[in-house]
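The structure under discussion appears below in the form of structure tokens.
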Amino acid sequence: MPEKLQWEGFKLQWEGFNMPRGETESSSGVEQTSIRVSKDEIRTILELDQWFANTKKIKLLTAEARVLLFVLLNGTTSSTEGLSIAKTSAGSYFAVLRRLKDAGLITAEVDPNDRRSKLLKAN
Numbered sequence: 026m027p028e029k030l031q032w033e034g035f036k037l038q039w040e041g042f043n044m045p046r047g048e049t050e051s052s053s054g055v056e057q058t059s060i061r062v063s064k065d066e067i068r069t070i071l072e073l074d075q076w077f078a079n080t081k082k083i084k085l086l087t088a089e090a091r092v093l094l095f096v097l098l099n100g101t102t103s104s105t106e107g108l109s110i111a112k113t114s115a116g117s118y119f120a121v122l123r124r125l126k127d128a129g130l131i132t133a134e135v136d137p138n139d140r141r142s143k144l145l146k147a148n
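So for the sequence shown, my numbering puts the first residue at 26; every next one is plus one.
Spelled out as structure tokens, the structure:
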């Protein structure tokens, strides 16, 4: 793979496939590796996904990834914003939320400013 790739307005630099890794953790006998990603890197990933969707009609990220990254970037997100970011139908969006909740990645709490709405938070 070349060291630098360029797509109209996006410059991606590959430093190989070794991602920066934190400490290795072990829970329940399953070894997990934590990866630290900055908010700027999350923003870039979401922008890259949006650019490909707009210009090439290709979604690089799953709906789950888009929602999770958006929640991580913003701290809390309204359920309505999540639907917009997921780019799915309402029915599919609720399945996305269920999978993210079941995986323990997000929680949905009642919005104190609008009891009809939910706020999504990362765990």
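Note that the Cβ used here is the ideal one computed from N, Cα and C, for glycine as well.
- Taken through DSSP and simplified to helix, strand or coil, I131 comes out as strand.
- In the three-state scheme derived from DSSP, where H, G and I count as helix and E and B as strand, S142 is classed as strand.
- Only residues of its own chain outside the window of five on either side were considered, and among them L94 have a CB closer than 7 Å to the CB of I70, listed in chain order.
- In this structure, I67 lies away from V92, with their beta-carbon atoms at least 9 Å apart.
- DSSP lists D139 as the bridge partner or partners of D136.
- Here the C-alpha atom of A115 lies approximately 16 Å from the C-alpha atom of L145.
- Cβ contact annotation for L98 (same chain, cutoff 8 Å, sequence separation greater than five): K64, I67, R68 and L71, in chain order.
- Under a 10 Å Cβ-count criterion, G100 is classified as exposed, with fewer than 16 other Cβ atoms of the shown protein chains found around its own Cβ.
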